[in-house]
Structure formats: C-alpha cells, structure tokens
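**Q**
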Amino acid sequence: MKSLEENREKFALLNCVPVGISVDSVPCKRAWAKSLSIQNTPLLCDFWPHGAVAMKYGIFRDENGFSERANVIVDDKQRVVFVKIYPVHSVPDIKEIIEFLGK
19 MKSLEENREK FALLNCVPVG ISVDSVPCKR AWAKSLSIQN TPLLCDFWPH GAVAMKYGIF
79 RDENGFSERA NVIVDDKQRV VFVKIYPVHS VPDIKEIIEF LGK
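Residues in the sequence shown are numbered consecutively from 19, following my numbering.
Here's what the structure looks like:
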C-alpha cells in the first residue's frame, strides 16, 4: 500500500483513485498507516461483516480468515476490468497496474 501512496500523482493523472482494503479493523488500519506514513491513500476496512467485500470479489481466503494479496481495478462503470493475485508474502508490482491503466 506504500506504493499506492508513493504513486498517487501518477494515479491522479490517469484519472484513477487507488484505495487499499483489508479485513483489519479501523484502529489497526489507522496504526498501521501511521507506522508506514500513509496519509493520502484511502484505506478501507473490510472488517465487518468480516471479509464481505473480499468474498464478493472472490479473493477471500476462508482457510486463513483474510483476503488474497491482490490488485483489482474497477472501471467508472463499476465493472472489474483487472484482477491479479500475488503470493501472500510478496509486494505486488505497481508498475504493471500503472501500465494497464495507461492503455
């Protein structure tokens, strides 16, 4: 999510609003964002009902109780136009997202 923060100007030029979302609670998310100096990227909590958004996108890991590490792009018509799931302990490549949006 740090890469969303670091690239927010590029996203703005692409007419895109990046958000981070996870199943963590609001206080946990707030502390985490503060520790990483994330100040401008909206961070959403899919805490209750637990993982409901991730389930709708088909990226909730029932066996672990959290969502996949994934990038999902929703267009201005609310259609999912890109989904990529990454290994849980990896950092997604933000460059491929910026390239996709630039097309």
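The beta carbon of each residue, even a glycine, is placed where N, CA and C say it ideally should be.
Quick check on ILE116: does DSSP put it in helix, strand or coil?
**A** For the purposes of this step, residue 116 is identified with residue 98 of the sequence shown, where counting begins at 1. Three-state DSSP puts ILE116 in a helix.
**Q** Given this structure, state the Cα-to-Cα distance separating LEU32 from ALA88, to the nearest angstrom.
**A** The residue given as residue 32 occupies position 14 in the sequence shown. The residue given as residue 88 occupies position 70 in the sequence shown. Taking the straight line from one Cα to the other gives about 20 Å.
**Q** Grouping DSSP H, G and I as helix and E and B as strand, with all else coil, what is SER53?
**A** The residue labelled residue 53 in the question sits at position 35 within the sequence shown. Helix, per DSSP.
**Q** Out of curiosity, what's the CA-to-CA distance linking LEU22 and PHE65?
**A** For this step, residue 22 is matched to residue 4 along the sequence shown. For this step, residue 65 is matched to residue 47 along the sequence shown. The straight-line gap from Cα to Cα measures roughly 21 Å.
**Q** Check this for me: beta carbons of ILE91 and PHE100, under 9 Å apart or not?
**A** The count along the sequence shown starts at 1 and reaches residue 91 at position 73. The count along the sequence shown starts at 1 and reaches residue 100 at position 82. Contact flag set, yes.
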